[in-house]
Amino acid sequence: MPSRFFANWQTQARKGVLELAVLNALREERRYGYEIAKTLQGIPGLGVVEGTVYPIMSRLEKEGLVTSSLEASPEGPARKYYRLSRDGMALLERINAAWDEMIGSVNSLRHGVE
Amino acid sequence: MNLTAGARQTLDSYLDEVRRSLSGRGDLDVGDVVAGLREHVETELSLRSVDPATNEDVSDVLARIGPPDSLAGENPTGSAPAARWASRAALALVAIGIALLATALQPLGWVILAIGTLAARWILATDGSDRFPEGRVVRAVWEASAVCASMAVLFAPAVLVWGQAQIGGILVGPFTARLEIIGAARPVSYWAEVAALAGLVTGIWWLLAALFTKRQGDRLKRALGPARWMIPPGASRILLIAGALLSIVSLLGGLL
Numbered sequence: 000m001p002s003r004f005f006a007n008w009q010t011q012a013r014k015g016v017l018e019l020a021v022l023n024a025l026r027e028e029r030r031y032g033y034e035i036a037k038t039l040q041g042i043p044g045l046g047v048v049e050g051t052v053y054p055i056m057s058r059l060e061k062e063g064l065v066t067s068s069l070e071a072s073p074e075g076p077a078r079k080y081y082r083l084s085r086d087g088m089a090l091l092e093r094i095n096a097a098w099d100e101m102i103g104s105v106n107s108l109r110h111g112v113e
Numbered sequence: 000m001n002l003t004a005g006a007r008q009t010l011d012s013y014l015d016e017v018r019r020s021l022s023g024r025g026d027l028d029v030g031d032v033v034a035g036l037r038e039h040v041e042t043e044l045s046l047r048s049v050d051p052a053t054n055e056d057v058s059d060v061l062a063r064i065g066p067p068d069s070l071a072g073e074n075p076t077g078s079a080p081a082a083r084w085a086s087r088a089a090l091a092l093v094a095i096g097i098a099l100l101a102t103a104l105q106p107l108g109w110v111i112l113a114i115g116t117l118a119a120r121w122i123l124a125t126d127g128s129d130r131f132p133e134g135r136v137v138r139a140v141w142e143a144s145a146v147c148a149s150m151a152v153l154f155a156p157a158v159l160v161w162g163q164a165q166i167g168g169i170l171v172g173p174f175t176a177r178l179e180i181i182g183a184a185r186p187v188s189y190w191a192e193v194a195a196l197a198g199l200v201t202g203i204w205w206l207l208a209a210l211f212t213k214r215q216g217d218r219l220k221r222a223l224g225p226a227r228w229m230i231p232p233g234a235s236r237i238l239l240i241a242g243a244l245l246s247i248v249s250l251l252g253g254l255l
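Residue numbers (numbering that gives the first Met the number 0), protein chains in the order written: chain A, 0 to 113; chain B, 0 to 255.
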């Protein structure tokens, strides 16, 4: 059925995009987990469930793409701040370039067909 | 963060489910994920200014976070699940083994017990099973024990050197006074040399501890639980400076 096909496709597409979104969220500045979750959750179309950010951050840290530091907070518990590592920044550039190429290709296909 | 008993149970049950759903994942640190989710819940509740937070408050936040099995997703690396060697039964056997070994190796046994205690907490922190039981008395006892155990670990080299010097004499080299005394009266200069050697070994030990704290500080804080205040910001730098100073002073003291 088309609706189930669309739902499956959307789920798969979002899985691939989520890590790209997280890396780009850290591009300009360091952020803590709660902040990242709320930022992404507020972006329409991403369909982010807040908790999914944490396994992603742990994976990225284990891959050496982000580094973290625990700092006391004046409001609430201590915060774990994340920032892109040098490897993470380099990888993000490659991923963003690949993303632009993909989007460009799909769009040219769309405009060519329409 | 103050939670009612029911709220705390709801949160703990949720996090236990997360641990189960993520167990065996070699691509991430389960303890890390659980700690992050706990921080997320506490931050949200703190921003809502609820004190104490009720079961409804926590349930609302957890509903926004998503069900535990939704966090598992797929293992993108396709790697085989990590072996869960830190099962509770194995941990119990290890604890008994350490206790027996400590008893047999007196007077070093108390050092072994201290290290064993921290090692057990480390293992639990690896898969996120490091939740502490409720109760001020339990936590106070743990904090006191953690302080004693940590002091034992930090000063273990000095104790070992001093103990060896007491029991059977020690070849104190490469310092200026090279003494080899077994069962005889030891002059003051001997103990000065032993103190210098103990200081040097301890200083080097603290340098290694600084490196370890820098790399594994977060997991160490989880292992220490309520006693995590023992690892303040900059702890690795403090250990590095203290270790370097102690090593240099001891080396100079031994040579002079």
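Glycine included, C-beta positions come from ideal geometry on N, C-alpha and C.
9 Å Cβ cutoff, residue 15 of chain B in contact with chain A: Translated into positions along the second sequence, residue 15 of chain B becomes position 16. Output row for residue 15 of chain B: interface = no.
Near-chain A residues of the region 218-245 of chain B (beta-carbon distance less than 8 Å), N- to C-terminal order: 220 and 232
Contacts of residue 93 of chain A in chain B (Cβ-Cβ under 8 Å): What you label residue 93 of chain A is simply residue 94 of the first sequence in a count that begins at 1. What residue 93 of chain A touches in chain B: nothing, since even the nearest Cβ is about 17 Å away.
Distance between residue 93 of chain A and residue 67 of chain B (C-alpha atoms, nearest Å): The residue given as residue 67 of chain B occupies position 68 in the second sequence. The residue given as residue 93 of chain A occupies position 94 in the first sequence. Each residue's alpha carbon lies about 32 Å from the other.
Nearest to residue 80 of chain A (by Cα), restricted to the options A:11, A:90, A:36 and A:69: Residue numbering aside, residue 80 of chain A sits at position 81 when the first sequence is read from its first letter. With distances taken between Cα atoms, residue 80 of chain A lies closest to A:69.
Simplified DSSP state of residue 3 of chain B, which is helix, strand or coil: Translated into positions along the second sequence, residue 3 of chain B becomes position 4. Reduced to three states, the DSSP call for residue 3 of chain B is coil.
Under the three-state DSSP convention, the category residue 234 of chain B falls into: Numbered from its first residue, the second sequence carries residue 234 of chain B at position 235. DSSP places residue 234 of chain B in helix when its eight states are reduced to three.
Nearest candidate by alpha-carbon position, reference residue 33 of chain B, set A:14, A:4, A:13 and A:50: In the second sequence, counting from the first residue as 1, residue 33 of chain B sits at position 34. It is A:50.
Those residues which DSSP pairs with residue 31 of chain A across a bridge: Locating residue 31 of chain A in the first sequence gives position 32, counting from the first residue. A:80, per the DSSP bridge assignment.
Of the listed residues B:233, B:228 and B:247, nearest to residue 203 of chain B (C-alpha basis): For the purposes of this step, residue 203 of chain B is taken as the residue at position 204 of the second sequence. Answer by Cα proximity: B:247.
Inter-stretch contact at 8 Å, needing at least 3 Cβ pairs: the region 2-17 of chain B / the region 28-38 of chain A: no
Contact set for residue 142 of chain B: own chain, Cβ-Cβ below 8 Å, skip 5 residues either direction: Start at 1 with the first residue of the second sequence, and residue 142 of chain B comes out as number 143. Answer for residue 142 of chain B: 225 and 226, listed in chain order.
Proximal residues of chain A, C-beta to C-beta of residue 36 of chain B below 7 Å: Here residue 36 of chain B is taken as the residue at index 37 of the second sequence, counted from 1. Simply 50 and 53.
Integer Cβ distance of residue 108 of chain A from residue 84 of chain A, believed to fall under 8 Å: The residue given as residue 108 of chain A occupies position 109 in the first sequence. The residue given as residue 84 of chain A occupies position 85 in the first sequence. At roughly 35 Å, the Cβ-Cβ gap does not stay under 8 Å, so residue 108 of chain A and residue 84 of chain A are not in contact.
DSSP beta-bridge partners of residue 58 of chain B: Along the second sequence, read from residue 1 onward, the residue named residue 58 of chain B stands at position 59. None, per the DSSP bridge assignment.
C-beta neighbour in chain A for residue 23 of chain B, strict 9 Å: Counted from its first residue, the second sequence places residue 23 of chain B at position 24. No, because no Cβ of chain A sits closer than 9 Å to the Cβ of residue 23 of chain B.
9 Å Cβ cutoff met for residue 251 of chain B and residue 205 of chain B: As a first step, residue 251 of chain B must be located in the second sequence, where it is residue number 252. As a first step, residue 205 of chain B must be located in the second sequence, where it is residue number 206. Not in contact: residue 251 of chain B and residue 205 of chain B (Cβ atoms no closer than 9 Å).
Cβ shell of residue 78 of chain A (< 6 Å), same chain only, five flanking positions each side left out: As a first step, residue 78 of chain A must be located in the first sequence, where it is residue number 79. Contacts found: 31, 70 and 72.
Within chain B, the residues that residue 84 of chain A reaches when beta carbons sit closer than 9 Å: As a working note, residue 84 of chain A is residue 85 in the first sequence. Chain B residues near residue 84 of chain A: none, gap ~14 Å exceeds 9 Å.
Spatially closest choice to residue 45 of chain A from A:58, A:33, A:17 and A:52, by CA coordinates: Position 46 of the first sequence, counted from the start, is the residue given in the question as residue 45 of chain A. Among A:58, A:33, A:17 and A:52, the Cα nearest to that of residue 45 of chain A belongs to A:17.
Burial state of residue 43 of chain A (16 or more Cβ within 10 Å): Looking up residue 43 of chain A in the first sequence gives position 44. That one is exposed.
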